[in-house]
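Written below as structure tokens is the structure these notes are about.
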Amino acid sequence: MSSQNDNRRDEDEPVPARRGFLRQIAAVTGSMPFAPGLVGGSAAVASLGAAAQATQTPAAPGPVVNTVVGYLSLSQDEAAFVETMVNVMCPADDMTPNGVDCGLAIYIDRQLAGDFGKGARRYKQGPWAEGKPQHGYQLPLTPEQYFKAGVAAANTACATRFGGKPFDQITPAEADAFLNDLAAGKVTDPRLPMAAWFNELVYPLFNQACFADPIYGGNTAKVFWKLIGYPGLPATHTIDMVQFRGKPFPGAKDPKSIADFS
1 MSSQNDNRRD EDEPVPARRG FLRQIAAVTG SMPFAPGLVG GSAAVASLGA
51 AAQATQTPAA PGPVVNTVVG YLSLSQDEAA FVETMVNVMC PADDMTPNGV
101 DCGLAIYIDR QLAGDFGKGA RRYKQGPWAE GKPQHGYQLP LTPEQYFKAG
151 VAAANTACAT RFGGKPFDQI TPAEADAFLN DLAAGKVTDP RLPMAAWFNE
201 LVYPLFNQAC FADPIYGGNT AKVFWKLIGY PGLPATHTID MVQFRGKPFP
251 GAKDPKSIAD FS
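As numbered in the UniProt record's numbering, residues 1 to 262 make up the sequence shown, in order.
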């Protein structure tokens with residue numbers, strides 16, 4: 001696992017701009033990720049299914065608060081990738097700490113280790129025929145296996161591009177450019193649709209890590225709720241919306257999570 005010091009950028013290195021959605025967000029998503037829509041053929045992913053089976057870990061029992069130390073799903077190399085990624089996508093600035101300190105890597109790990117990552121509600125019997133985009137997810141992998149296979153493929157592509165360096169060893173500016181290329185479909189792998197992997201699985205998990213209830217591991221100290229002025233629970237603010245429309249809502253200074261009512 002990469003240490004926090006490994007993820008800190010040198011003072012002389014440029015700081016990547018914060019992702020635009022943090023300023024443009026208009027609604028808070030639910031606490032659990034939705035199923036990504038992906039396309040793939042059986043021939044291209046046969047080896048991935050067998051390899052990913054080896055990474056299976058027991059499901060986490062229920063939501064886990066972010067005070068729990070350690071990862072439940074991510075290996076050392078995978079944790080290094082995810083920590084670097086969330087720090088690049090959410091760099092420390094005057095609005096928030098970096099992504100690791102905001103709990104974003106913990107949230108992603110807990111989701112992969114739980115029912116979502118294990119594909120608890122998915123039909124997993126096949127056949128795994130090549131599909132079209134409108135057919136949705138067609139890979140014989142659980143979301144956890146798919147995430148891990150994508151991390152391995154991304155690290156391989158990164159090493160090819162940057163002289164053998166994995167993602168966690170390149171500069172923040174290089175990592176930011178690499179993630180943008182992933183999203184734009186400029187990073188490819190013969191077995192996986194890498195753009196879909198990033199845009200429809202990784203990025204939604206990152207988004208949800210920012211704005212989910214803190215009991216799920218991310219949004220530490222409700223930092224993102226405070227950033228956008230979201231009062232948290234209870235979600236019964238109909239009258240407040242009328243009285244405070246266009247004005248700061250006083251309750252947003254101290255938002256309430258599920259843990260506050262436990």
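The beta carbon of each residue, even a glycine, is placed where N, CA and C say it ideally should be.
Self-check item: Same chain, Cβ closer than 6 Å to L104, five either side skipped, listed in chain order
Solution: On the sequence shown, position 104 is the one that residue 104 refers to. Around L104: V86, A209, G218.
Quiz item: Would F249 pass as a contact of D260 if the rule is Cβ separation under 8 Å?
Solution: Stepping through the sequence shown from its first residue, residue 249 is reached at position 249. Stepping through the sequence shown from its first residue, residue 260 is reached at position 260. Not a contact, by the Cβ cut-off of 8 Å.
Quiz prompt | Whole-number beta carbon distance between T96 and F224, since they are thought to touch under 8 Å | solution = Stepping through the sequence shown from its first residue, residue 224 is reached at position 224. Stepping through the sequence shown from its first residue, residue 96 is reached at position 96. Yes, they are in contact, since the Cβ atoms of F224 and T96 sit about 7 Å apart, within 8 Å.
Quiz item: Do the CB positions of P166 and V88 come within less than 8 Å of each other?
Solution: Taking the sequence shown and counting its residues from 1, the one referred to as residue 166 is at position 166. Taking the sequence shown and counting its residues from 1, the one referred to as residue 88 is at position 88. No, Cβ-Cβ distance for P166 and V88 is not below 8 Å.
Quiz prompt | Closest residue to G185 among A154, G164, E130, N98 (Cα-Cα distance) | solution = On the sequence shown, position 185 is the one that residue 185 refers to. Measuring from the Cα of G185, the nearest candidate turns out to be A154.
Exercise. With a floor of 3 residues, list each beta strand (DSSP E) that falls wholly inside the region 96 to 133, ordered by position along the chain.
Key: none
Quiz item: Going by Cα to Cα distance, which pick from T142, Y203, K256, D181 is closest to T220?
Solution: The residue labelled residue 220 in the question sits at position 220 within the sequence shown. Selected option, being the one with the closest Cα: K256.
Quiz prompt | Beta-carbon proximity list for F162, same chain, < 7 Å, skipping 5 on both sides | solution = Working through the sequence shown from its first residue, we reach residue 162 at position 162. Result list for F162: I170, E174, in chain order.
Quiz item: Per DSSP, what kind of secondary structure is K247 in: helix, strand or coil?
Solution: Walking along the sequence shown from the start, residue 247 turns up at place 247. K247 falls in the coil class under three-state DSSP.
Exercise. Compare the Cα-Cα distances from K247 to each of Y203, Y230, I258 and report the closest residue.
Key: Sequence index remark: in the sequence shown, residue 247 carries index 247 (1-based). The shortest C-alpha separation from K247 is found at Y230.
Self-check item: First and last residue of the uninterrupted alpha helix (DSSP H) at E78
Solution: Position 78 of the sequence shown holds residue 78. First-last of the alpha helix (DSSP H) with E78: 76 to 89.
Quiz item: Using the beta-carbon count (16 or more within 10 Å), is G150 buried or exposed?
Solution: Numbered from its first residue, the sequence shown carries residue 150 at position 150. The residue in question, G150, is buried, as its Cβ has 16 or more Cβ neighbours within 10 Å.
Quiz item: Any idea if S262 is buried or exposed, counting beta-carbon neighbours within 10 angstroms, 16 or more meaning buried?
Solution: For the purposes of this step, residue 262 is taken as the residue at position 262 of the sequence shown. Exposed is the call here.
Quiz item: Can you check whether the CB of G114 is closer than 8 Å to the CB of T142?
Solution: One-based indexing of the sequence shown puts residue 142 at position 142. One-based indexing of the sequence shown puts residue 114 at position 114. Contact: no.
Practice problem: Could you tell me the distance, in whole angstroms, from the CA atom of V187 to the CA atom of E130? | Solution: In the sequence shown, the residue the question calls residue 187 occupies position 187. In the sequence shown, the residue the question calls residue 130 occupies position 130. Their Cα atoms are separated by approximately 21 Å.
Quiz item: If you run the structure through DSSP and keep just helix, strand and coil, what is P61?
Solution: Numbered from its first residue, the sequence shown carries residue 61 at position 61. Legend: pLDDT at P61 = 39, less than 50; position of this residue unreliable, value from coordinates given subsequently. In this structure, P61 counts as coil in the three-state DSSP scheme.
Quiz item: Alpha carbon to alpha carbon, how far is I108 from N199?
Solution: Against the sequence shown, residue 108 aligns to sequence position 108. Against the sequence shown, residue 199 aligns to sequence position 199. Answer to the nearest angstrom: the Cα atoms are 15 Å apart.
Self-check item: Collapsed DSSP secondary structure at K165 in the structure displayed
Solution: As a position in the sequence shown, residue 165 is number 165, starting the count at 1. Coil at K165, not helix or strand.
Quiz item: P14 to Y146, Cα distance in whole Å?
Solution: For the purposes of this step, residue 14 is taken as the residue at position 14 of the sequence shown. For the purposes of this step, residue 146 is taken as the residue at position 146 of the sequence shown. For P14, the predicted structure reports a pLDDT of 47, less than 50, and the residue's modelled location is therefore unreliable. The matter cannot be settled from this model.
Self-check item: Of the listed residues W128, T156, N98, R110, nearest to E144 (C-alpha basis)
Solution: Taking the first residue of the sequence shown as 1, we reach residue 144 at position 144. For the residues W128, T156, N98, R110, the minimum Cα distance to E144 belongs to R110.
Quiz prompt | G126 versus P140: straight-line alpha-carbon distance, rounded | solution = The residue labelled residue 126 in the question sits at position 126 within the sequence shown. The residue labelled residue 140 in the question sits at position 140 within the sequence shown. Straight-line Cα distance between these residues: approximately 7 Å.
Quiz item: In terms of residue numbering, what span does the alpha helix (DSSP H) encompassing Q138 cover?
Solution: Locating residue 138 in the sequence shown gives position 138, counting from the first residue. Run containing Q138: none; DSSP gives neither H nor E here.
Exercise. With a cut-off of 8 Å on the beta carbons, I'd call G117 and S73 a contact; round off their distance for me.
Key: Reading the sequence shown from its first residue, position 117 is the one you call residue 117. Reading the sequence shown from its first residue, position 73 is the one you call residue 73. Contact flag correct, Cβ pair sits at about 6 Å.
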